[in-house]
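Residue numbers (this note's numbering), protein chains in the order written: chain R, 104 to 469; chain V, 839 to 1498. Below is one structure, written out as C-alpha cells; comments come after it.
Given below as C-alpha cells:
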C-alpha cells in the first residue's frame, strides 16, 4: 500500500512565469492541484493614499505607475473622472487623439499578453515577434509624448501636446504593416497543434463564475458574455466608431487568447477610423485652471481598459487635493479567479492559465 | 482509396500544416529583423534630463527691441516671434506691440528712463496711456494663469512719472542722431494717431507740421477724456516730447475752413495725413430732439474739460452705453447734477463700456437702465421733462450685426430735465471737398486697408477715421502704420512690399479668473490707492493714484519674462513637481535667482515642470544616456548655476567646503 500525502508548494513571488510578484500557494495531490491560494501585496506602494496628498494634476504621473503595461488607459480613466467632476468639455480633436492613443495602447498591451501567453506554453517565436511589433507602437508614443512607458500624456481638458506632423503617416504605415502580421500570428500560435492541445479545454471559466467574481475584459468575454463598456456606456467619443466585440464560446484559455487577438484587429479598425476622421482644432480645452478645485462631490467613471473595467472613484471636498481616490482595477478582480480556474488542473497548466488571465501587479497591488 | 488518404492526412494533419507554413516562409522573403547599423535617432520629445538654459541677470535681457527701433523691422520681428510661438502674449495683444517684458525687466533693475524710451518707441504717450488704456495686454498676461496679471498699465504710468520728474523731454542720443530731410509733411489732427505718425516721421528727419482745429493740442484726449482720468499736464508733457523732435503744432487752424488741402500742397507739403478722428456726436431722429435741454456728448465734454460753465439741470438722463456715455454721466455728476441716469439698449453684460468704468460709475450713484431704447423726449413749454423709453428685446441680429429690435408696447417714462445723447460719433470730413479724395455712400473715407492711402496720391489717413470707434492705443498703432507708408512714399519706394497685417487679438486668449484663496499675499498684484466716493464726487481730482518706486519695482519683478529662456525664479516648477525634487530660491531683494537645484535621483521624468515653465528656460533634453551612465552629471554644478557676481557669500562657502 502506497501512502499518499498532499504537498504544499509555493509558487513565487520570485518566479519568471507569474508575470510579476505573485505568490500562489498550491496544495497538490500528486500532479493535480487541490487548492490554489494567491497572495498579493508584494508591489504595494500606497498610490491611493499618496494621491490624497497630491494636487489633482500631480496625480496623473502616479496613475502611469498603476498598470504600467497600459499607462495611457490609466491616464484616460483618471482624467475622464476628474473632468466629469469639474464639468470640463474636451475639444473634439483631443478626444480623437485620446482614442487613437488608447487603442494603440490596447494593441501594445495585448501583444504582450499574447506573446507571453505563447511563451508560457513554450512558443518562443511569437513572443519575440510580438515584442518587435510593440516596439513600433512605443516609437509612435515616443514621437507623440516623449516617453516610452510612463507617458503622462493626458491632461484635464485634452492632452499635453498635439501630434507631430509625421505621426499620421507613421500610424497608417503601422496599421498597414500590422494587419497581415496578426493573421500570421494566428497561424503561428492559435492554429498551432501543440498550443491548442495545451489550451483548449484548460482553465475553463464558466459564465456563472465569471459574473459572480466580477471578471471583466477579455476574461469575461472569453467566457461568452458580450460586455464592453465602450459599447454599453460609451465614454469619450466611442459611440462614433464602428467596431465589433469578439466573444469566446467555451471560456477556456484558448478562447481568451483568441479574444485578445481579435480585439487587436478591432482596435486597428478604430485607429484607422479615427485617423481618417481626425478633426483640426485645439488639443486642450481653454479655461482649465492651473489649480484644479472640483466642487464637492463624488464620481465613478469606468472605462474599458485593456484588462477590463478600470474605474476611478474620486471624492472631492472642494479643495485642491482629492479627499479619497479608489481605483477599481480589473486585474485584481480577474486575479481572484485563480482558485476557481486552476483547481483540478495539473501543475504544468498553472502558468498557462495564469498567463491567459493577464494580471499586471502594479495594478493589483497599487 | 480517398478515405485511406484522408485518414493518413488526419493523422499527420498538423505536420502537413506546419510543412505548408515552412514552405511558405522558404519561398517568401526573409523576415529576420534587421538591426540598424547606426544608432537610431531619438524623438525630439524624448523626456530625458532636465536642463536650465539661463538665469535672470546672467546676460543682458533679450528684448524685442533688439530688432532695431525702425517701425518696419520691429513689426517683422514681432511677426517672426509669433510664428515661432515665442512672442510674449502682452506684446502680441497690444495693438501697438509695446515691448512690455523689456519695460518690466528694466524697471526691475531700476533703469526707469531706459524703460521709458523703450515704451515710447511704440507708444508715444506713455503717461496718457498709463492712465486711460483699456489694457488688453493684462487679460492675456501669463501671470494671470498662475495668480494675477502684472499691472502693466500702472508701470507705464510709473515710468512716465519718473521721466516727468527728471524733466527729460527727449532722448538726447536720439536727437543727436537725427538726420535732416527736406520733405515737408502735414498732419491734420493732433490726436494720438497724428502724434504717433508725427513722432515716427520726425525721427526719420522729415519736417512735420500738425494742424489742430482746437486751441490746444491733443485731439480727443484733450476734448473727450475727463480730467479725473487724465490730468492735462500729463498730456501736455507727452506732447512736449513730440515737439522736442522738431514737430511744429499749429493750433486753431482748421483745415477745410482756414486752409484747404490744395493750399497745403501749394505750400510744399509733399504728403498729407488725415487724422481728424471722430468728433461729431450723432443725433437721434426721435420726437422732441430739438427741445431745450437736449445736449450732445462731445460739445458737453469739451465744455466741461475746458472749464467753461455748462448749463445742465439737476436730473440728467444720458442715452448710450459706451465709454463716452459713462464719461458724460460721471462728468455730469461732477458738474452739479444730483441724479444721473443712463439709458442703454444693451443688457448689462453686453454694454460696450469697460466693466471697471461701469463699476466706478455705479459707486458714484449713477443709475443704469439696461435694455431700454429711447422712444421720444417729453417736453413741457419747450423744456425737457422726461424721456419715454421702450423695451429693447435684442441688440444684435443672428450675424452679430447691430440691429436692435424693440417691443413697442412695453414702455416707461424716465424723468429728468436734461438729456445728453452719447450714442456714437462720426467724422467731419468736409475738408475733402474740392479734392480727389473720395467718400463712400455712408460718408466714410475710401482708403487702402494695407497702406492707408486714400484715393488721392500723397494723402493718407489714420486713426479712428480708418478704424471706426476704437481706443487710444489702437489709433496709435494705425499712426505708426501710416508713418511707414508716408516715409516709403516720400522715398519713392513700394508701399506694399513686405507689409504685415496687425496681429489678430484672438491669437491670444484671455485667461479666466483664478481662485485667489490659497495664494500668498506677496504673490498678488498691488492694489492702486483710490479716492473714496465722497472725496471725488464733486471735483475733477484724479481718482487713481500711481505706484511708488518700491511698489513698482516689486511689481515689475512679478513679470515672468515669457519666452525669454531665462529662469526668473518664479518657483512654479517647484510647486508642480509631484516628487518635490526642485528647489528654487530668489535672493532677498528678489532680483536674481540664488538657488536652483534639481535632485535627479528623485525625478521621475513626468515633464510637468517643463511644460508649465513660462520662460521656457527649463527643458527636458534628449540626453537619456547621461542619465543612465554618468551619475556625476545628474547633480548640477552649483558654480554654474550661481551668477558669477563678486562677493557672493554662498559661492565662497561652497569653495571652502570643496578644499577643506
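We put the beta carbon where it would ideally sit given N, CA and C, even for glycine. Quantities reported herein were computed from a predicted structural model and do not represent experimental measurements.
query: By how many angstroms is the C-alpha of residue 1433 of chain V removed from the C-alpha of residue 1489 of chain V?; result: With a pLDDT of 47 at residue 1489 of chain V, under the threshold of 50, the modelled position of that residue is not reliable, and no figure is offered here.
query: Would you tell me roughly how many angstroms separate the C-alpha atoms of residue 995 of chain V and residue 953 of chain V, rounded to the nearest one?; result: 11 Å
query: Which two residues bound the contiguous alpha helix (DSSP H) that contains residue 372 of chain R?; result: 356-379
query: Residue 1445 of chain V touches chain R at which residues, Cβ-Cβ below 9 Å?; result: 164, 248, 249, 250, 255, 263
query: Using CA coordinates, which residue listed in V/882, V/1191, V/934 is at the minimum distance from residue 249 of chain R?; result: V/882
query: According to DSSP, is residue 1026 of chain V part of a helix, a strand, or is it coil?; result: strand
query: With DSSP as the reference, label residue 1378 of chain V as helix, strand or coil.; result: coil
query: Could you tell me the boundaries of the beta strand (DSSP E) in which residue 1230 of chain V lies?; result: 1221-1234
query: Short of 7 Å in beta carbon distance, which residues of its chain neighbour residue 361 of chain R, apart from the five on each side in sequence? Order them along the chain.; result: 293, 351
query: Taking the CB atoms as reference points, tell me whether residue 262 of chain R and residue 197 of chain R lie closer together than 8 Å.; result: yes
query: By the 10 Å Cβ neighbour count, where 16 or more other Cβ atoms means buried, how is residue 1292 of chain V classified, buried or exposed?; result: buried
query: Rounded to whole angstroms, how far is the Cβ of residue 326 of chain R from the Cβ of residue 304 of chain R, which I believe are closer than 8 Å?; result: Contact flag wrong, Cβ pair sits at about 14 Å.
query: Kindly list the residues whose CB is nearer than 6 Å to the CB of residue 1395 of chain V, restricted to its own chain and excluding five residues on each side of it in sequence; keep chain order.; result: 946, 1428
query: Once the 5 residues before and after residue 1457 of chain V are set aside, which same chain residues still bring their CB inside 6 Å of it?; result: 889, 1448
query: Pick from R/371, R/338, R/445, R/387: whose alpha carbon is nearest that of residue 260 of chain R?; result: R/387
query: Over what stretch of residues does the beta strand (DSSP E) that includes residue 1117 of chain V continue unbroken?; result: Careful: residue 1117 of chain V lies outside any beta strand (DSSP E) and carries neither H nor E.
query: Can you confirm whether residue 1352 of chain V, when its beta carbon is compared against all beta carbons of chain R, has any partner nearer than 8 Å?; result: yes
query: Any idea if residue 170 of chain R is buried or exposed, counting beta-carbon neighbours within 10 angstroms, 16 or more meaning buried?; result: buried
query: Would you identify the three-state DSSP class for residue 919 of chain V, choosing helix, strand or coil?; result: helix
query: So with Cβ pairs under 8 Å, would you call residue 859 of chain V a contact of chain R?; result: yes
query: Measure the C-alpha to C-alpha separation of residue 991 of chain V and residue 1321 of chain V and round it to an integer number of angstroms.; result: 25 Å
query: Measuring only the C-alpha atoms, how far is residue 1210 of chain V from residue 1372 of chain V?; result: 30 Å
query: With a cut-off of 8 Å on the beta carbons, I'd call residue 1249 of chain V and residue 1227 of chain V a contact; round off their distance for me.; result: 6 Å
query: How would you list, in chain order, the residues of chain V whose beta-carbon sits under 8 Å from the beta-carbon of residue 392 of chain R?; result: 1350, 1352, 1353
query: Which complete beta strand (DSSP E) runs does the region 903-986 of chain V hold, if anything under 3 residues is left out?; result: none
query: Just to make sure I have the definition right: I need the residues of chain V whose C-beta is within less than 8 Å of the C-beta of residue 396 of chain R. Which are they?; result: 1353
query: Quick one: residues in its chain with C-beta nearer than 6 Å to the C-beta of residue 431 of chain R, no 5 flanking neighbours on either side, listed in chain order?; result: 414
query: Which value, in whole angstroms, describes the spacing of the CA atoms of residue 312 of chain R and residue 443 of chain R?; result: 8 Å
query: Let me know if residue 1194 of chain V comes out buried or exposed under the rule of 16 or more other beta-carbons within 10 Å of its beta-carbon.; result: exposed
query: Could you check which residue in V/1301, V/1420, V/914 has the C-alpha nearest to that of residue 1027 of chain V?; result: V/1301
query: Let's see if you can read the secondary structure: which residues bound the beta strand (DSSP E) around residue 403 of chain R?; result: 400-408
query: Quick one: Cα of residue 329 of chain R to Cα of residue 919 of chain V, how far?; result: 55 Å
query: Output needed for residue 449 of chain R: all residues of its chain with C-beta closer than 8 Å, excluding positions within five of it in sequence on either side, in chain order.; result: 134, 135, 136
query: Between residue 160 of chain R and chain V, is there a C-beta pair that is closer than 8 Å?; result: yes
query: Rounded to whole angstroms, what is the Cα-Cα separation between residue 853 of chain V and residue 227 of chain R?; result: 19 Å
query: Which runs of the alpha helix (DSSP H) fall wholly inside the region 137-184 of chain R and span at least 4 residues, in chain order?; result: 150-154, 159-167
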